[in-house]
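To keep things clear, I will list the structure first and then write my remarks on it.
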Amino acid sequence: MTEKNYNPEQKHAKNMEKMNKANKTDDKKILETPKNEVKVEKPNEEVKKEVKKTEKQKKTEAIVRGMNLPISSKQSFAICKFIKNKEINRAINELEEILAHKRALPMKGEIPHRRGKGMMSGRYPQNSVKEFIKLLKSLNANATANEMSNPFICEAQGNFASRPFGRFGRVRKKRSHVTILAKEKALMGKGAKK
Numbered sequence: 000m001t002e003k004n005y006n007p008e009q010k011h012a013k014n015m016e017k018m019n020k021a022n023k024t025d026d027k028k029i030l031e032t033p034k035n036e037v038k039v040e041k042p043n044e045e046v047k048k049e050v051k052k053t054e055k056q057k058k059t060e061a062i063v064r065g066m067n068l069p070i071s072s073k074q075s076f077a078i079c080k081f082i083k084n085k086e087i088n089r090a091i092n093e094l095e096e097i098l099a100h101k102r103a104l105p106m107k108g109e110i111p112h113r114r115g116k117g118m119m120s121g122r123y124p125q126n127s128v129k130e131f132i133k134l135l136k137s138l139n140a141n142a143t144a145n146e147m148s149n150p151f152i153c154e155a156q157g158n159f160a161s162r163p164f165g166r167f168g169r170v171r172k173k174r175s176h177v178t179i180l181a182k183e184k185a186l187m188g189k190g191a192k193k
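Under numbering that gives the first Met the number 0, think of the first position of the sequence shown as 0, with each following residue one higher.
In structure tokens:
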């Protein structure tokens with residue numbers, strides 16, 4: 000193994016040589032730069048640019064995705080089933096009725112039965128419904144931005160999301176992904192089944 004040279008005078012001399020070399024190359028660069036050329040423009044010339052008109056394709060669907068929403072997956076599955084094949088405004092109104100406890104959300108499983116036509120069991124999931132109302136309002140805005148005339152929800156899907164690990168490992172948090180797709184009602188009659 001080689002020994003290090005701790006002599007400060009030799010280090011200083013080497014550094015000075017490097018600095019001198021750098022200064023010499025900088026001087027050369029400064030000398031080598033050419034003079035600026037003066038450009039003369041004629042004011043009489045008219046410049047015509049062709050404007051290409053690209054037709055914007057009309058989108059036939061609007062989509063909204065909620066990622067890692069802090070809601071129960073079971074409730075998100077039930078709400079997706081509830082709002083599917085409905086118009087966006089009607090779905091928002093019915094979810095607001097659930098918030099006001101005027102209507103129950105039909106659910107599966109061992110849940111007590113609720114009053115309502117064709118309903119066996121149901122609940123009033125407040126947090127999940129609030130998140131879905133936000134998503135549906137965003138979907139409605141997307142549909143109006145895409146100039147869709149009569150949008151309705153053709154796909155509503157809830158999925159499990161990765162669960163965050165709490166400070167104490169025993170704590171389980173709820174997370175869900177939600178995707179809602181709306182299409183124009185006129186287009187759904189044509190080629191709905193492929």
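Quick reminder that beta carbons are idealized off the backbone N, C-alpha and C, glycines included.
Going straight from the alpha carbon of residue i to that of residue j, what length do you get?
i    : j    : result
F164 : R174 : 11 Å
E183 : R166 : 46 Å
S75  : K51  : 46 Å
I91  : E49  : 47 Å
Q125 : C79  : 15 Å
K83  : F151 : 8 Å
M66  : N141 : 17 Å
Q56  : A181 : 17 Å
M119 : E146 : 39 Å
N22  : N6   : 25 Å
K13  : R162 : 60 Å
A77  : I110 : 13 Å
I132 : A61  : 16 Å
K73  : Y123 : 13 Å
Can you list, in chain order, the residues of its chain with a C-beta nearer than 6 Å to that of residue i? Leave out the 5 residues immediately preceding and following it.
i    : result
V128 : L94, I97 and L98
K20  : none
E130 : L68 and I70
L186 : T59
R102 : E96
H112 : M119 and S120
Let's test the definition: count the other Cβ atoms within 10 Å of the Cβ of residue i and tell me whether it reaches 16, buried, or not, exposed.
i    : result
M106 : buried
V63  : buried
A144 : exposed
V177 : buried
A160 : buried
F157 : Sequence check: residue 157 is Gly here, not Phe. Its Cβ being crowded by 16 or more others within 10 Å, G157 is buried.
S148 : exposed
Would you give the residue range spanned by the alpha helix (DSSP H) that residue i belongs to?
i    : result
N139 : Q125 to A144
A90  : I87 to L98
Output needed for residue i: all residues of its chain with C-beta closer than 7 Å, excluding positions within five of it in sequence on either side, in chain order.
i    : result
F81  : L104 and P105
A155 : C79, I82, K83 and I179
Ordered along the chain, which non-local residues of its own chain (more than five positions away) have a Cβ less than 8 Å from that of residue i?
i    : result
K192 : The predicted model places K192 with a pLDDT of 48, which falls under 50 and marks its position as unreliable; any figure quoted below should be read in that light. None.
M87  : Residue identity check: residue 87 is Ile in the sequence provided, not Met. Result list for I87: L135, L138, N139, A142, P150, F151, I152 and A181, in chain order.
K172 : P69, R162, P163 and G165
R114 : A103
K85  : E93, F151 and I152
H100 : Y123
Starting from residue i, follow the beta strand (DSSP E) in both directions and report where the run begins and ends.
i    : result
R64  : E60 to L68
S75  : First-last for S75: S72 to I82, but that is the alpha helix (DSSP H), not the beta strand (DSSP E).
N149 : That residue, N149, is in no beta strand (DSSP E); it is neither H nor E in DSSP.
Who pairs with residue i in a beta bridge, going by DSSP?
i    : result
G121 : P105
S175 : L68 and F159
E183 : P150
F167 : Per DSSP, none; premise fails for F167.
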